[in-house]
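*Asks:* Residue numbering for the sequence shown follows UniProt numbering, starting at 1 and increasing by one per position.
Where a beta carbon is used, it is the ideal one built from N, C-alpha and C, also for glycine.
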Amino acid sequence: MSHFLEFRSITKTFPGVKALSDVSFAVDRGQVHGLLGENGAGKSTLLKILGGEYIPDGGQVMLDGTERHFTRSRDSIDAGIAIIHQELQYVPELTVMENLLLGHLPTRFGFVRRGEAIRWTRDNLQRLGVDIDPLARLIDLSIGQRQMVEICKAVLRDATVIALDEPTSSLSHRESEILFRMIRDLKARGKALIYISHRLEEIFELCDGCTIFRDGRKVAEHHDLSQITRDQLVQGMVGREIKDIFDYKPRALGEVAMTVQNLSGKKVPTPATFSVRKGEILGFFGLVGAGRSELMRLIYGADVRATGTVELDGIKGNITSISQAIHSGLVLCPEDRKQEGIVPGRSVSENINISCRRHYRRAHFFVNDSAEAGTAEGYIKLLRIKTPSRHQEIRFLSGGNQQKAILARWLAEQDLRVLIIDEPTRGIDVGAKNEIYQVLYGLAEKGVAVIMVSSELPEVLGVSDRIITMCQGRITGELNRTDANERNVLTLALPVSAPTPAAAPVTA
Ligand SMILES: Nc1ncnc2c1ncn2[C@@H]1O[C@H](COP(=O)(O)OP(=O)(O)OP(=O)(O)O)[C@@H](O)[C@H]1O
Ligand SMILES: [Mg+2]
Numbered sequence: 001m002s003h004f005l006e007f008r009s010i011t012k013t014f015p016g017v018k019a020l021s022d023v024s025f026a027v028d029r030g031q032v033h034g035l036l037g038e039n040g041a042g043k044s045t046l047l048k049i050l051g052g053e054y055i056p057d058g059g060q061v062m063l064d065g066t067e068r069h070f071t072r073s074r075d076s077i078d079a080g081i082a083i084i085h086q087e088l089q090y091v092p093e094l095t096v097m098e099n100l101l102l103g104h105l106p107t108r109f110g111f112v113r114r115g116e117a118i119r120w121t122r123d124n125l126q127r128l129g130v131d132i133d134p135l136a137r138l139i140d141l142s143i144g145q146r147q148m149v150e151i152c153k154a155v156l157r158d159a160t161v162i163a164l165d166e167p168t169s170s171l172s173h174r175e176s177e178i179l180f181r182m183i184r185d186l187k188a189r190g191k192a193l194i195y196i197s198h199r200l201e202e203i204f205e206l207c208d209g210c211t212i213f214r215d216g217r218k219v220a221e222h223h224d225l226s227q228i229t230r231d232q233l234v235q236g237m238v239g240r241e242i243k244d245i246f247d248y249k250p251r252a253l254g255e256v257a258m259t260v261q262n263l264s265g266k267k268v269p270t271p272a273t274f275s276v277r278k279g280e281i282l283g284f285f286g287l288v289g290a291g292r293s294e295l296m297r298l299i300y301g302a303d304v305r306a307t308g309t310v311e312l313d314g315i316k317g318n319i320t321s322i323s324q325a326i327h328s329g330l331v332l333c334p335e336d337r338k339q340e341g342i343v344p345g346r347s348v349s350e351n352i353n354i355s356c357r358r359h360y361r362r363a364h365f366f367v368n369d370s371a372e373a374g375t376a377e378g379y380i381k382l383l384r385i386k387t388p389s390r391h392q393e394i395r396f397l398s399g400g401n402q403q404k405a406i407l408a409r410w411l412a413e414q415d416l417r418v419l420i421i422d423e424p425t426r427g428i429d430v431g432a433k434n435e436i437y438q439v440l441y442g443l444a445e446k447g448v449a450v451i452m453v454s455s456e457l458p459e460v461l462g463v464s465d466r467i468i469t470m471c472q473g474r475i476t477g478e479l480n481r482t483d484a485n486e487r488n489v490l491t492l493a494l495p496v497s498a499p500t501p502a503a504a505p506v507t508a
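Below, the structure is given as structure tokens:
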């Protein structure tokens, strides 16, 4: 029986890297097929081959029984393939409508009026359950919303093959639910889907089967995920058993390192008060949009405060600006590390060694002495950053490995007192998460106070000594490690369900 979409013995080599060797698998209509593997295993490379961006060195791509040669993106699009890339590709100045109409414009809307185009866009977004203004510019949307626009574009193009590369990494819970509904609908309509994610629960929830890659080779293929356990998938990906990815050990806590008092700002209207101790890992849990990142930016002096103070032990007075914060050893590793941190044309080593302090002073000095080489080599090994050498330009690394390299920059920071780290393991594979936790434990051992913001509940429960929950711009609770469990943390972090219309009449 021939399959709808089939990869046969695909091979792709880059200088110094064998990205794919002899990879074969198939996807049929009405199926969602998962691709799994550690950072750098070759998943995105395979999608880029399907998308006509890379030409394979060997092997065949078969679609509906015939061999296809995609040599540019247009070929792949014309064949009915839509790819939602890990790195979003869009024109930020365009509106949502213009973006969705790209490609549709000449045929469907030859000379129609703008009003009609707006209506078409609004109707379609509504039908897909996406609540975004058609006239908003992409640049003004959240990363999650941009991702949703990209996904709607693929759906509206009526592609037969839809491949999604880590689509949920920046989506809110609600957005993910909308996406999952769309995926199920596409599947029911007979589309063939490929789904890449490091979140195994999503693989179980959405996929019919999956293929696991390791170092560019296919190491396993499963056709019935109900027969497979999570541990089996993890073992397949990392090639070893991971007993306890958190591996938490209690630490002795020191004095109070930082006190935040009555801090409020635009997106955190309710004043927040808490403190963190030396050697403590304090987890901040909440859903995307709960105000955690905003609170951290207020602490760091990156946003304008309405009220409140931030004081560090041993330092006189209120910390009010970024430069004051970093001089005092208070450092924030932002959520959107790539946008805020990467220097694409530079090497992995340079990207690790640009001090985030210097970074904020907007002065980059690239001095390649042996100390820097040592730091780079150390973190490449510690976090298992997959790169042919420290001299490789960072833009050639896989998405997750770029994340690791930029993270290393903050972890390598000297004279830290308080490290605020926002979503430390986003886009990072299961195996490497463990290594990142070990680095955080190591910093805490040395007396650094670590504040970890995360949307991953198991991570917050597994790593934190204490947990603070946030919801809708305010702190809603605090639990010690020993008292915290999934249920009570979630209860504190979820919005109290909206009042019924009868109780609170809707005023429009
Ligand atoms: N254009 C390129 N030039 C050089 N090397 C590349 C290029 N594109 C990918 N690679 C290398 O190929 C390997 C596979 O990368 P790929 O992006 O496919 O990984 P991935 O499985 O998607 O990882 P992640 O989970 O981190 O996104 C990596 O080692 C990467 O560094
Ligand atoms: Mg990738």
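Among the residues of its own chain, which have a CB less than 6 Å from the CB of residue 107, if the five just before and after it don't count?
*Replies:* Within the sequence shown, residue 107 is the residue found at index 107, counting from 1. Residue placement at residue 107 is poorly supported in this model, since its pLDDT is 49, which falls under 50; the coordinates are not used for a value here.
*Asks:* On the DSSP bridge list, what partners appear for residue 163?
*Replies:* Translated into positions along the sequence shown, residue 163 becomes position 163. Per DSSP, 83, 194.
*Asks:* Our contact map puts residue 347 next to residue 392 with C-beta atoms below 8 Å; I'd like the distance itself, whole angstroms only.
*Replies:* For the purposes of this step, residue 347 is identified with residue 347 of the sequence shown, where counting begins at 1. For the purposes of this step, residue 392 is identified with residue 392 of the sequence shown, where counting begins at 1. About 6 Å separates the two Cβ atoms, so the contact holds.
*Asks:* Quick check: does the Cβ of residue 432 come within less than 6 Å of any heavy atom belonging to ligand 1?
*Replies:* The count along the sequence shown starts at 1 and reaches residue 432 at position 432. Because no heavy atom of ligand 1 lies under 6 Å away, the Cβ of residue 432 does not count as near it: no.
*Asks:* Should residue 45 be counted as a contact of ligand 1 given a C-beta to heavy atom distance under 6 Å?
*Replies:* To locate residue 45, count along the sequence shown from 1; it is residue 45. Yes, the beta carbon of residue 45 sits closer than 6 Å to at least one heavy atom of ligand 1.
*Asks:* Hey, is residue 386 close to ligand 1, as in C-beta under 6 Å from one of its heavy atoms?
*Replies:* Taking the sequence shown and counting its residues from 1, the one referred to as residue 386 is at position 386. Result yes, Cβ under 6 Å from ligand 1.
*Asks:* Note down, in chain order, each residue of its chain lying with its Cβ closer than 6 Å to the Cβ of residue 16, except the 5 sequence neighbours on either side.
*Replies:* As a first step, residue 16 must be located in the sequence shown, where it is residue number 16. Closer than 6 Å at Cβ, skipping near neighbours: 388.
*Asks:* Find out if the Cβ-Cβ distance for the pair residue 291, residue 266 is shorter than 7 Å.
*Replies:* Taking the sequence shown and counting its residues from 1, one reaches residue 291 at position 291. Taking the sequence shown and counting its residues from 1, one reaches residue 266 at position 266. For residue 291 and residue 266, no; Cβs fall outside 7 Å.
*Asks:* Between residue 71 and residue 97, is the Cβ-Cβ spacing less than 7 Å?
*Replies:* Against the sequence shown, residue 71 aligns to sequence position 71. Against the sequence shown, residue 97 aligns to sequence position 97. Not in contact: residue 71 and residue 97 (Cβ atoms no closer than 7 Å).
*Asks:* Mapping DSSP to helix, strand and coil, what is residue 494?
*Replies:* Residue 494 sits at position 494 when you count from the first residue of the sequence shown. Reduced to three states, the DSSP call for residue 494 is coil.
*Asks:* Looking at residue 420 and residue 282, is the spacing between their C-beta atoms short of 7 Å?
*Replies:* In the sequence shown, counting from the first residue as 1, residue 282 sits at position 282. In the sequence shown, counting from the first residue as 1, residue 420 sits at position 420. Contact flag unset, no.
*Asks:* By DSSP, does residue 4 sit in helix, in strand, or in coil?
*Replies:* The count along the sequence shown starts at 1 and reaches residue 4 at position 4. Coil, per DSSP.
*Asks:* Skipping 5 residues on each side, what residues in its chain have a beta carbon closer than 7 Å to that of residue 130?
*Replies:* Mapped onto the sequence shown, residue 130 falls at position 130. Hits under 7 Å: 148, 152, 178.
*Asks:* For residue 222, report the span of its beta strand (DSSP E) as first-last.
*Replies:* Within the sequence shown, the letter at position 222 stands for residue 222. Start and end: 217-222.
*Asks:* Could you give the DSSP three-state label for residue 323: helix, strand or coil?
*Replies:* Here the question's residue 323 lines up with position 323 in the sequence shown. Three-state result, residue 323: helix.
*Asks:* Under the rule that 16 or more other beta-carbon atoms within 10 Å means buried, what is residue 126, buried or exposed?
*Replies:* Along the sequence shown, one-based indexing puts residue 126 at 126. Residue 126 should be labelled exposed.
*Asks:* Output yes or no for whether 7 Å exceeds the beta carbon distance between residue 408 and residue 352.
*Replies:* The residue labelled residue 408 in the question sits at position 408 within the sequence shown. The residue labelled residue 352 in the question sits at position 352 within the sequence shown. In contact: residue 408 and residue 352 (Cβ atoms closer than 7 Å).
*Asks:* Counting along the chain, where does the alpha helix (DSSP H) carrying residue 176 start and finish?
*Replies:* Within the sequence shown, numbered from 1, the residue matching residue 176 stands at position 176. Per DSSP, residue 176 belongs to the alpha helix (DSSP H) from 173-188.
*Asks:* For residue 320, I'd like the list of residues in its chain whose CB is within less than 7 Å of its CB, leaving aside the five on either flank, ordered along the chain.
*Replies:* Numbered from its first residue, the sequence shown carries residue 320 at position 320. 301, listed in sequence order.
*Asks:* Kindly indicate which three-state DSSP category residue 67 falls into: helix, strand or coil?
*Replies:* Translated into the one-based positions of the sequence shown, residue 67 becomes position 67. Of the three classes helix, strand and coil, the one that applies to residue 67 here is strand, per DSSP.
*Asks:* Measuring CB to CB, does residue 218 end up less than 7 Å from residue 229?
*Replies:* Along the sequence shown, read from residue 1 onward, the residue named residue 218 stands at position 218. Along the sequence shown, read from residue 1 onward, the residue named residue 229 stands at position 229. Cβ atoms of residue 218 and residue 229: not closer than 7 Å.
*Asks:* Using a beta-carbon distance below 7 Å, is residue 415 in contact with chain B?
*Replies:* The question asks about chain B, but that chain is absent: this structure has only one protein chain.
*Asks:* Is the distance from the Cβ of residue 258 to the Cβ of residue 36 below 7 Å?
*Replies:* Residue numbering aside, residue 258 sits at position 258 when the sequence shown is read from its first letter. Residue numbering aside, residue 36 sits at position 36 when the sequence shown is read from its first letter. Contact: no.
*Asks:* Count the C-beta pairs between the stretch 187-205 and the stretch 26-40 that are closer than 8 Å, then say yes if the count reaches three, no if not.
*Replies:* yes
*Asks:* Could you tell me which residues DSSP puts in a beta bridge with residue 229?
*Replies:* In the sequence shown, residue 229 corresponds to position 229, counting from 1. Paired residues: none, contrary to the question.
*Asks:* Please name the residue, chosen from 464, 468, 253, that lies closest to residue 447 on a Cα-to-Cα basis.
*Replies:* For this step, residue 447 is matched to residue 447 along the sequence shown. When only C-alpha atoms are compared, the closest one is 253.
*Asks:* Helix, strand or coil for residue 387, going by three-state DSSP, please let me know.
*Replies:* Stepping through the sequence shown from its first residue, residue 387 is reached at position 387. Of the three classes helix, strand and coil, the one that applies to residue 387 here is coil, per DSSP.
*Asks:* So what's residue 420 in DSSP terms, helix, strand or just coil?
*Replies:* For the purposes of this step, residue 420 is identified with residue 420 of the sequence shown, where counting begins at 1. If DSSP states are grouped into helix, strand and coil, residue 420 belongs with the strands.
*Asks:* When you compare only the Cα positions, how much space is there between residue 350 and residue 46?
*Replies:* As a first step, residue 350 is located in the sequence shown; it is residue number 350 there, counting from the start. As a first step, residue 46 is located in the sequence shown; it is residue number 46 there, counting from the start. In a straight line, the C-alpha of residue 350 is about 28 Å away from that of residue 46.
*Asks:* Tell whether a beta-carbon distance below 7 Å holds between residue 56 and residue 10.
*Replies:* Within the sequence shown, numbered from 1, the residue matching residue 56 stands at position 56. Within the sequence shown, numbered from 1, the residue matching residue 10 stands at position 10. Contact flag set, yes.
*Asks:* So the beta strand (DSSP E) residue 353 belongs to, where does it begin and stop?
*Replies:* Along the sequence shown, read from residue 1 onward, the residue named residue 353 stands at position 353. Looking at the DSSP string, residue 353 is not in any beta strand (DSSP E); the run it does join, the alpha helix (DSSP H), is 348-353.
*Asks:* Tell me which residues share the same chain as residue 311 and place their Cβ nearer than 6 Å to its Cβ, disregarding the 5 neighbours each side in the sequence.
*Replies:* Within the sequence shown, residue 311 is the residue found at index 311, counting from 1. 259.
*Asks:* Measuring straight from C-alpha to C-alpha, what distance separates residue 231 and residue 243?
*Replies:* To locate residue 231, count along the sequence shown from 1; it is residue 231. To locate residue 243, count along the sequence shown from 1; it is residue 243. Rounded to whole angstroms, residue 231 to residue 243 spans 9 Å at the Cα level.
*Asks:* To the nearest angstrom, how far is it from the Cα of residue 261 to the Cα of residue 462?
*Replies:* Here residue 261 is taken as the residue at index 261 of the sequence shown, counted from 1. Here residue 462 is taken as the residue at index 462 of the sequence shown, counted from 1. For residue 261 and residue 462, the distance between alpha carbons rounds to 27 Å.
*Asks:* Following the continuous beta strand (DSSP E) through residue 310, name the residue where it begins and the one where it ends.
*Replies:* Translated into the one-based positions of the sequence shown, residue 310 becomes position 310. Run containing residue 310: 305-312, per the beta strand (DSSP E) assignment.
*Asks:* Can you round the beta-carbon distance between residue 412 and residue 278 to whole angstroms, since I take them to be within the 8 Å contact cut?
*Replies:* Taking the first residue of the sequence shown as 1, we reach residue 412 at position 412. Taking the first residue of the sequence shown as 1, we reach residue 278 at position 278. Going by Cβ atoms, the distance from residue 412 to residue 278 rounds to 20 Å, so no, they are not a contact pair.
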